[in-house]
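Okay, structure first, notes after.
In this note's numbering, the protein residues as written are 1 to 427.
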């Protein structure tokens, strides 16, 4: 897949739901502005998103709505079940997806790969003799004694326990990924034989890791020096020519700032249940609300007159206009809420989301997270009341937002990628 221009060619490989793709569209746009030629491989559902920003795109197979529903209903925050669910979903698609990303990266100068594309990205890069960069939205592949892996509780067992949890997560992902790849090679024997696991090697030979979150939210661990860089978040601005719906602008102008509530892909499994709880909670506290309702999420009854439903509004535009934000705790959405300087209520549904909920609470930028299984109108109302009335929390959230607003995560990532290219060319 060729592109015009003469800048270095960067293949970006990612897989997952919207939160796994949007930051890479932002990165690709940043690379374009810096004179690079990025190309993005991601699920086919995001072709229009890439097109809106002028990013060359390779669609990958898979029904993302089905994946999101399966992760929440069958795994939730149970990470071993999540690995099984992901493997079951990806296995029938793996061989075809590998072939597609091999084609995309065939003339690349560097490969950027996300969590689920780690094995594919590093193998292709090794085979072609080009550098690769690991881009992650949560701390992984970089063990530390500062805090446990995102899917483990922070038990009072010391630094040894914390470091061990990171090793366990890496081992599970490593071995599980190898099994998945071998399954793909049975279907397509022409795929290359697996090499060594890249993150078991020395600092000088392992791919550098870019952590797309802020050092003000997760301070860099001492062990990360020389192997990982915390860049700041990679927010995606509104696409060129975008303007908000007239009814949304009118609603915002008619009264005090509302409370945003949306559960992202995790809301799919809850159907309309979370919408009814959210509507009731807003009525209990007398707050205006904006509900971010996706496909397949339908309320059982009418929305309150002080609440409207929206979909697909860029968070970077919407969140600064809110009094508080309630969401599932995806890494990017958490970053958007905190950057907007708004108190945040996290309702984790799966994966690394409980970790971000704990971080928000530890930073005093929001109340304690509410697991989606424990969500009720009363409990959500109490959390919204705290988020919108606690003066100290609002001040802390605003202060944190000002700090995050000084960061340029995409720019820092582009600089790191340029450095990785320069280092390889100098050797």
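The beta carbon of each residue, even a glycine, is placed where N, CA and C say it ideally should be. Note that this is a predicted model, so its numbers are computed, not measured.
Look at the alpha carbon of residue i and the alpha carbon of residue j, and state the distance between them as a whole number of angstroms.
{"i": "residue 127", "j": "residue 112", "result": "15 angstroms"}
{"i": "residue 2", "j": "residue 289", "result": "In this prediction, residue 2 has a pLDDT of 41, which is less than 50 and means its spatial position is unreliable; what the coordinates show is noted afterwards. Each residue's alpha carbon lies about 46 angstroms from the other."}
{"i": "residue 50", "j": "residue 25", "result": "6 angstroms"}
{"i": "residue 45", "j": "residue 312", "result": "14 angstroms"}
{"i": "residue 362", "j": "residue 252", "result": "31 angstroms"}
{"i": "residue 4", "j": "residue 136", "result": "Unreliable placement is indicated for residue 4, whose pLDDT of 49 sits below 50; no coordinate value is reported for it."}
{"i": "residue 205", "j": "residue 422", "result": "15 angstroms"}
{"i": "residue 182", "j": "residue 147", "result": "33 angstroms"}
{"i": "residue 35", "j": "residue 125", "result": "21 angstroms"}
{"i": "residue 241", "j": "residue 99", "result": "35 angstroms"}
{"i": "residue 88", "j": "residue 293", "result": "28 angstroms"}
{"i": "residue 15", "j": "residue 409", "result": "21 angstroms"}
{"i": "residue 343", "j": "residue 247", "result": "25 angstroms"}
{"i": "residue 224", "j": "residue 9", "result": "28 angstroms"}
{"i": "residue 41", "j": "residue 102", "result": "10 angstroms"}
{"i": "residue 291", "j": "residue 359", "result": "24 angstroms"}
{"i": "residue 325", "j": "residue 283", "result": "16 angstroms"}
{"i": "residue 6", "j": "residue 97", "result": "27 angstroms"}
{"i": "residue 254", "j": "residue 90", "result": "47 angstroms"}
{"i": "residue 308", "j": "residue 249", "result": "11 angstroms"}
{"i": "residue 278", "j": "residue 388", "result": "15 angstroms"}
{"i": "residue 43", "j": "residue 186", "result": "23 angstroms"}
{"i": "residue 114", "j": "residue 418", "result": "18 angstroms"}
{"i": "residue 280", "j": "residue 390", "result": "21 angstroms"}
{"i": "residue 407", "j": "residue 414", "result": "13 angstroms"}
{"i": "residue 172", "j": "residue 17", "result": "21 angstroms"}
{"i": "residue 168", "j": "residue 176", "result": "12 angstroms"}
Am I right that residue i and residue j are in contact with their C-beta atoms under 8 angstroms? What's the rounded C-beta distance?
{"i": "residue 58", "j": "residue 104", "result": "4 angstroms"}
{"i": "residue 332", "j": "residue 19", "result": "5 angstroms"}
{"i": "residue 145", "j": "residue 162", "result": "5 angstroms"}
{"i": "residue 480", "j": "residue 235", "result": "Outside the modelled stretch of the chain, which goes from 1 to 427, sits residue 480, for which no answer is possible."}
{"i": "residue 338", "j": "residue 401", "result": "6 angstroms"}
{"i": "residue 244", "j": "residue 322", "result": "That belief does not hold up - the Cβ atoms of residue 244 and residue 322 are roughly 13 angstroms apart, past 8 angstroms."}
{"i": "residue 218", "j": "residue 139", "result": "6 angstroms"}
{"i": "residue 274", "j": "residue 155", "result": "That belief does not hold up - the Cβ atoms of residue 274 and residue 155 are roughly 30 angstroms apart, past 8 angstroms."}
Nearest CA to the CA of residue i: which residue from the options?
{"i": "residue 420", "options": "243, 384, 229, 51", "result": "229"}
{"i": "residue 310", "options": "193, 92, 256, 263", "result": "263"}
{"i": "residue 121", "options": "169, 142, 139, 194", "result": "194"}
{"i": "residue 330", "options": "220, 23, 386, 255", "result": "23"}
{"i": "residue 233", "options": "156, 241, 249, 214", "result": "214"}
{"i": "residue 357", "options": "327, 375, 342", "result": "327"}
{"i": "residue 29", "options": "343, 56, 380", "result": "56"}
{"i": "residue 86", "options": "27, 180, 256", "result": "180"}
{"i": "residue 285", "options": "47, 373, 386", "result": "386"}
{"i": "residue 411", "options": "305, 31, 6, 13", "result": "31"}
{"i": "residue 47", "options": "27, 414, 21", "result": "21"}
{"i": "residue 394", "options": "418, 320, 380, 406", "result": "320"}
{"i": "residue 237", "options": "13, 17, 27", "result": "27"}
{"i": "residue 405", "options": "281, 316, 418", "result": "316"}
Suppose the cutoff is 7 angstroms on Cβ atoms and the five residues either side in sequence are ignored; what does the same chain contact list for residue i look like?
{"i": "residue 174", "result": "197"}
{"i": "residue 141", "result": "134, 170, 199, 209"}
{"i": "residue 318", "result": "260"}
{"i": "residue 398", "result": "341"}
{"i": "residue 123", "result": "192, 194, 195"}
{"i": "residue 159", "result": "145"}
{"i": "residue 178", "result": "194"}
{"i": "residue 383", "result": "345, 367, 370"}
{"i": "residue 93", "result": "61, 62"}
{"i": "residue 184", "result": "94, 95, 98, 191"}
Which residues in the same chain as residue i place their Cβ atom closer than 8 angstroms to its Cβ, once the five residues preceding and following it in sequence are excluded?
{"i": "residue 392", "result": "364"}
{"i": "residue 371", "result": "77, 347, 348, 354"}
{"i": "residue 416", "result": "133, 208, 210, 229, 231"}
In chain order, what residues of the same chain lie with their CB nearer than 6 angstroms to the CB of residue i, ignoring the 5 residues before and after it?
{"i": "residue 166", "result": "143, 149"}
{"i": "residue 188", "result": "95"}
{"i": "residue 11", "result": "39, 104, 105, 108, 111"}
{"i": "residue 368", "result": "361"}
{"i": "residue 221", "result": "144, 146"}
{"i": "residue 403", "result": "216"}
{"i": "residue 335", "result": "233"}
{"i": "residue 306", "result": "288"}
{"i": "residue 33", "result": "none"}
{"i": "residue 314", "result": "238"}
{"i": "residue 396", "result": "364, 365"}
Entirely enclosed alpha helix (DSSP H) segments - the region 323 to 348, minimum 4 residues: Counting whole runs of 4 or more residues, the region 323 to 348 contains the alpha helix (DSSP H) stretches 331 to 339.
Beta strand (DSSP E) runs contained entirely in the region 82 to 148, provided each spans 3 or more residues: With a minimum length of 3 residues, the continuous beta strand (DSSP E) runs that stay inside the region 82 to 148 are 110 to 113, 132 to 136.
Beta strand (DSSP E) runs wholly inside the region 170 to 247, at least 3 long, in chain order: With a minimum length of 3 residues, the unbroken runs of beta strand (DSSP E) contained wholly in the region 170 to 247 fall at 209 to 211, 228 to 230.
Residue ranges of each alpha helix (DSSP H) within the region 23 to 53, 4 or longer: Taking only runs of at least 4 residues, the alpha helix (DSSP H) segments lying wholly in the region 23 to 53 are 47 to 52.
Secondary structure, alpha helix (DSSP H): runs of 4+ residues fully inside the region 349 to 424: Correct list: 353 to 362, 377 to 389, 391 to 405.
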